[in-house]
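Heads up: the sequence shown runs through residues 3 to 285, numbered per the numbering used here.
Everything below concerns the one structure shown next.
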Amino acid sequence: MIQNSFIHMQGVGKATEEKLWQRGITTWSLYEKAHEKGEKLPMPGTVLPGIKTSRRHYERGDLLHFQGLFPAGEAWRLLPGFQEATCYLDIETTGDGHWCDITTIALYDGKTVRTYVNGENLADFKEAIGAYATVVTYNGKSFDIPVIRRVLGIPMEMAHIDLRYVLGSLGIKGGLKRCEEILGMGRTDLAGVDGSSAVVMWNRYKRTGDRRYLETLLAYNVADTVNMEPLLVEACRMRRDTIPEGARFELPVAGSPETPHIPDHGVIEEMRQLYRSSHGNPW
Numbered sequence: 003m004i005q006n007s008f009i010h011m012q013g014v015g016k017a018t019e020e021k022l023w024q025r026g027i028t029t030w031s032l033y034e035k036a037h038e039k040g041e042k043l044p045m046p047g048t049v050l051p052g053i054k055t056s057r058r059h060y061e062r063g064d065l066l067h068f069q070g071l072f073p074a075g076e077a078w079r080l081l082p083g084f085q086e087a088t089c090y091l092d093i094e095t096t097g098d099g100h101w102c103d104i105t106t107i108a109l110y111d112g113k114t115v116r117t118y119v120n121g122e123n124l125a126d127f128k129e130a131i132g133a134y135a136t137v138v139t140y141n142g143k144s145f146d147i148p149v150i151r152r153v154l155g156i157p158m159e160m161a162h163i164d165l166r167y168v169l170g171s172l173g174i175k176g177g178l179k180r181c182e183e184i185l186g187m188g189r190t191d192l193a194g195v196d197g198s199s200a201v202v203m204w205n206r207y208k209r210t211g212d213r214r215y216l217e218t219l220l221a222y223n224v225a226d227t228v229n230m231e232p233l234l235v236e237a238c239r240m241r242r243d244t245i246p247e248g249a250r251f252e253l254p255v256a257g258s259p260e261t262p263h264i265p266d267h268g269v270i271e272e273m274r275q276l277y278r279s280s281h282g283n284p285w
């Protein structure tokens, strides 16, 4: 999809890009060929140099170059063709303020789920995340990525797809779990467990040493992470169906990973009771 894109070039907006696509100019090469034929094209003085620069970065696999130029809602274009270099990431913390510490991290690459726990193997995350060219989060632009940089000192200098903006551009809003529900991907076994529950579970684990709390927290963390892949794939599908045939791309297929952590039903019920007492939600 990147080679079908023009909106990252100086002066080119979505309307101009769509007009090019409708004319059948759906790739950089087709734009260059049309120019060679003498066709009247928009902004050749900036687009032609932009194509050369884009091709150079594309051939190097430098997705960060494009992510920095695409509007946040269009960052989904980084996935088709580069799925193998993409991972999905979510962190849990001791709270939602700038002072918070990281408790757990879940990392998923479309095949394998890995988890990292404060006080156990959190330092191993740095090497693991370095293997990927693109990271996908939900609201990570505002929270996960800055917290990782501050707490772990990792630059996180890779391309970033924030699903909050990608889904928001499609009118799908309200937080990760709400987006899942809108697209028919609601959770059943972990219903009633939320970010505040994650903080409670961590505190109870640290106070009691009962690993049921940790396992349930990790299961929740993993669910947040692996559910991002079908959400992003669905967003790509929705976009794909709105663009001309010549600009369409092969859709990635969401995986079905084995979950390495099993939530404890007793702990879930504790969290649901806490949720009921504060939200009045009937579980």
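For every residue, glycine included, the Cβ atom is placed at its ideal position computed from N, Cα and C.
From a predicted model like this one, the values you see are computed outputs, not experimental measurements.
### Query
Are the stretch 137-148 and the stretch 86-93 in contact at 8 Å, needing three or more beta carbon pairs?
yes
### Message
Please list the terminal residues of the continuous alpha helix (DSSP H) segment that includes His67.
### Response
Leu65 to Gln69
### Task
Tell me whether Ala164 sits in a helix, a strand or coil according to DSSP, three-state version.
Per the sequence shown, residue 164 should be read as Asp rather than Ala. Residue state, collapsed to three classes: strand.
### Query
Would Asn205 be called buried (16 or more neighbouring beta carbons within 10 Å of its own) or exposed?
exposed
#### Entry: Sequence-distant residues of its chain with Cβ nearer than 6 Å to Leu71 (five each side left out)
His10
### For Val137: DSSP bridge partner residues
Cys89 and His162
### Task
Counting only the same chain and skipping the five closest in sequence on each side, list residues whose C-beta sits under 8 Å from that of Asp1.
The question about residue 1 has no answer here: the residues shown for the chain are numbered 3 through 285.
### Query
Alpha carbon to alpha carbon, how far is Phe68 from Ala74?
11 Å
#### Entry: Arg274 in three-state terms, based on DSSP
helix
### Query
Going by other Cβ atoms of all chains shown within 10 Å of its Cβ, with 16 needed for buried, is Val195 buried or exposed?
buried
### Task
Could you tell me which residues DSSP puts in a beta bridge with Ala108?
Asp92 and Thr117
### Message
Going by DSSP in three states, Asp286 sits in which element: helix, strand or coil?
### Response
Past the edges of the chain, shown from 3 to 285, lies residue 286, and the structure says nothing about it.
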